[in-house]
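Under the working numbering, think of the first position of the sequence shown as 6, with each following residue one higher.
Think of the CB as a built atom: it goes at the ideal place given N, C-alpha and C, for glycine as much as any other residue.
Only one structure is covered here, and it is reproduced in the block below.
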Amino acid sequence: MDVVTMEITEVVTLVNEWGTEPCRVDGRAPRPGPELTTLADELHPIFVTTDPATRARLVTGLLRLTGVRPELSPEQAPTWSVDDPTQSTRAAAALALRHHLTEHPGRLGLCADDQCADVYVDASPAGKRRFCCLTCQNRARAAAFRRRKAQLGETSRDQLR
Ligand SMILES: [Zn+2]
6 MDVVTMEITE
16 VVTLVNEWGT
26 EPCRVDGRAP
36 RPGPELTTLA
46 DELHPIFVTT
56 DPATRARLVT
66 GLLRLTGVRP
76 ELSPEQAPTW
86 SVDDPTQSTR
96 AAAALALRHH
106 LTEHPGRLGL
116 CADDQCADVY
126 VDASPAGKRR
136 FCCLTCQNRA
146 RAAAFRRRKA
156 QLGETSRDQL
166 R
């Protein structure tokens, strides 16, 4: 059967809304669909690792597992096909990751906020994105500010002794 291709942003949504870890850290229940949770949990480590070789191995492993292959449609369009229909979504996600990483190597990751396990793709011009959303970025900045302030407080107390 033909694989209905996915956008990389749809892969991010799948991981964040069905994944065990992103939902657990956020105190949410994963969306219904245990097969999608299984898939989201397979995809999460691809965003978590920062090692390109590990990323490549994980994506390649998923592609092999699905047995996805390139074909040509009667309309002469490039298509992807799997024999096992239950592998279709896995193949679509793996293909989206393969495409994204070949075009934009390293442009994905895990939210840097320690109260969040959501993943993101980095479409920023500078490629320095570290957070899944503005809320996390602001929360992490506020926490860093409080830490610095606390440290400064201790330093000035030390100087008084
Ligand atoms: Zn986040």
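My assumption, with CB atoms under 8 angstroms, is that P50 sits in contact with L63. Please give the rounded CB distance.
For this step, residue 50 is matched to residue 45 along the sequence shown. For this step, residue 63 is matched to residue 58 along the sequence shown. About 6 angstroms; that satisfies the 8 angstroms criterion.
Could you tell me which residues DSSP puts in a beta bridge with L115?
As a working mapping, residue 115 is identified with position 110 in the sequence shown. BP columns for L115 point to V124.
Between the Cα of A122 and those of T14, Q92 and D46, spot the shortest distance and give me the residue it belongs to.
Indexing the sequence shown from 1 puts residue 122 at position 117. Out of T14, Q92 and D46, D46 has the C-alpha closest to the C-alpha of A122.
Suppose you measure from the CA of R95 to the CA of T140; what does that come to, to the nearest Å?
Looking up residue 95 in the sequence shown gives position 90. Looking up residue 140 in the sequence shown gives position 135. Their backbone Cα atoms lie some 30 angstroms apart in a straight line.
Under the DSSP definition of a beta bridge, which residues are partnered with E76?
Within the sequence shown, numbered from 1, the residue matching residue 76 stands at position 71. According to DSSP, which records beta bridges pairwise, E76 is partnered with T84.
The alpha helix (DSSP H) with P39 in it runs from where to where?
Locating residue 39 in the sequence shown gives position 34, where the first residue counts as 1. P39 to V53 is the span of the alpha helix (DSSP H), which, as asked, contains P39.
Looking at ligand 1, does it come within less than 7 angstroms of C121, judged from the CB to the closest heavy atom?
As a first step, residue 121 must be located in the sequence shown, where it is residue number 116. Because some heavy atom of ligand 1 lies under 7 angstroms away, the Cβ of C121 counts as near it: yes.
Roughly how far, in whole angstroms, is the beta-carbon of D118 from the beta-carbon of R134, given that I think they are within contact range, below 8 angstroms?
As a working note, residue 118 is residue 113 in the sequence shown. As a working note, residue 134 is residue 129 in the sequence shown. That pair is no contact at about 12 angstroms.
Can you tell me the Cβ-Cβ gap for V8 and A97, rounded? I've got them flagged as a contact below 8 angstroms.
By 1-based counting over the sequence shown, the position of residue 8 is 3. By 1-based counting over the sequence shown, the position of residue 97 is 92. About 5 angstroms separates the two Cβ atoms, so the contact holds.
Please state the DSSP three-state secondary structure of R31.
Residue 31 sits at position 26 when you count from the first residue of the sequence shown. The residue asked about is misnamed: residue 31 is Asp in this sequence, not Arg. The answer is helix: DSSP assigns D31 an H, G or I state.
Let me confirm a value: P35 is counted as buried when at least 16 other C-beta atoms fall within 10 Å, else exposed. Which label applies?
As a working mapping, residue 35 is identified with position 30 in the sequence shown. So P35 ends up on the buried side.
I want to know whether the region 70–82 touches the region 101–111 - three or more CB-CB distances under 8 angstroms.
They do not touch, by the three-pair rule.
What distance in whole Å lies between the Cβ atoms of V126 and L115, which are believed to be in contact at a cut-off of 8 angstroms?
Along the sequence shown, one-based indexing puts residue 115 at 110. Along the sequence shown, one-based indexing puts residue 126 at 121. Actually they are not in contact, since the Cβ atoms of L115 and V126 sit about 12 angstroms apart, beyond 8 angstroms.
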